[in-house]
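A.B. asks: Below is a structure I'd like to ask you about.
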Amino acid sequence: MEMLPSDFRPKESDVDLTVIRVEAPYAELAKFMHTLVGAQWRWGGRQGWGESEWKALVGRSGYEMLLGLHKGTPIGYAEMFVEDGGGVQIGTMGLAPHFIGKGLGGPFLTAVVRHAWTLTSSRVWLSTCSHDHPIAKSNYEARGFKVFEVVEGDENPSNPSFWDLVAAGDGVRG
2 MEMLPSDFRP
12 KESDVDLTVI
22 RVEAPYAELA
32 KFMHTLVGAQ
42 WRWGGRQGWG
52 ESEWKALVGR
62 SGYEMLLGLH
72 KGTPIGYAEM
82 FVEDGGGVQI
92 GTMGLAPHFI
102 GKGLGGPFLT
112 AVVRHAWTLT
122 SSRVWLSTCS
132 HDHPIAKSNY
142 EARGFKVFEV
152 VEGDENPSNP
162 SFWDLVAAGD
172 GVRG
């Protein structure tokens with residue numbers, strides 16, 4: 002899905018939400034947040050990554066990480082990539098399971114998109130799939146994203162839960 006500059010429709014809210022840019026992202030934080038937020042949605046592509054892959058990700062030119070805080074508590078995160086052509090891809094974005102359904106998704110997405118627009122003047126885009134939260138796509142559309150391409154692919158395998166990954170030593174530990 003993509004958004005052009007005139008498409009943005011922010012969700013204004015008085016919810017206590019702060020979104021900060023992580024000035025010095027590090028591999029362990031990226032892995033922790035990706036696992037916490039993405040495990041239940043079958044976020045794929047990073048299973049089996051070791052320390053070197055996570056370090057390469059956060060060290061990549063144009064990489065940005067944002068953390069969402071509600072009343073000072075981390076509630077979600079987003080990763081984005083500034084592209085050579087000038088666009089910005091929101092690579093991952095979501096809420097920790099405990100904070101889903103509390104009215105934070107729209108305001109968090111709004112803040113993430115606002116940040117993305119500080120990095121580009123051409124377009125912001127993201128991918129979604131059938132495994133995402135049932136209202137993710139409608140949230141994207143409500144903020145102004147439009148479908149620009151549909152790709153059929155293999156279904157991502159089920160992920161163990163965050164707790165199962167931690168217990169197996171594949172969650173927050175390197």
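Following our numbering, the numbering of the sequence shown begins with 2 at its first residue and continues without gaps.
For every residue, glycine included, the Cβ atom is placed at its ideal position computed from N, Cα and C.
Taking residue 124 and residue 92 to be in contact with their CB atoms under 8 Å, please state how far apart those CB atoms are, rounded to whole angstroms.
C.D. replies: In fact, because the Cβ distance is near 15 Å, the residues do not count as touching under 8 Å.
A.B. asks: Use the C-beta contact count for residue 109: other C-beta atoms within 10 angstroms, 16 or more gives buried, fewer gives exposed.
C.D. replies: With 16 or more Cβ atoms within 10 Å of its Cβ, residue 109 is classed as buried.
A.B. asks: Does DSSP put residue 144 in a helix, a strand or coil?
C.D. replies: Residue 144: helix per DSSP, three-state reduction.
A.B. asks: DSSP state of residue 93, grouped into three classes?
C.D. replies: Three-state result, residue 93: strand.
A.B. asks: From which residue to which residue does the alpha helix (DSSP H) around residue 34 run?
C.D. replies: Segment 28 to 39, the alpha helix (DSSP H) holding residue 34.
A.B. asks: Can you tell me which of the three DSSP states residue 129 falls into?
C.D. replies: Coil.
A.B. asks: For residue 75, which residues in the same chain have their Cβ closer than 6 Å to its Cβ, ignoring the five residues on either side in sequence?
C.D. replies: 68, listed in sequence order.
A.B. asks: Run through DSSP, which three-state label would residue 115 get?
C.D. replies: Looking at residue 115 - three-state DSSP - the assignment turns out to be helix.
A.B. asks: Taking 6 Å as the cut-off, is the C-beta of residue 36 nearer than that to any heavy atom in the ligand ZN?
C.D. replies: Ligands are entirely absent from the displayed structure, and the ligand ZN is therefore not among its contents.
A.B. asks: Does the beta-carbon of residue 99 have 16 or more other beta-carbons within 10 angstroms, so that it is buried, or is it exposed?
C.D. replies: Result: exposed.
A.B. asks: Relative to the C-alpha of residue 17, which candidate in 104, 134, 149, 31 has its C-alpha closest?
C.D. replies: The shortest C-alpha separation from residue 17 is found at 104.
A.B. asks: Do you know offhand how far residue 188's Cα is from residue 48's?
C.D. replies: Beyond the ends of the chain as shown, which are 2 and 175, falls residue 188; an answer cannot be given.
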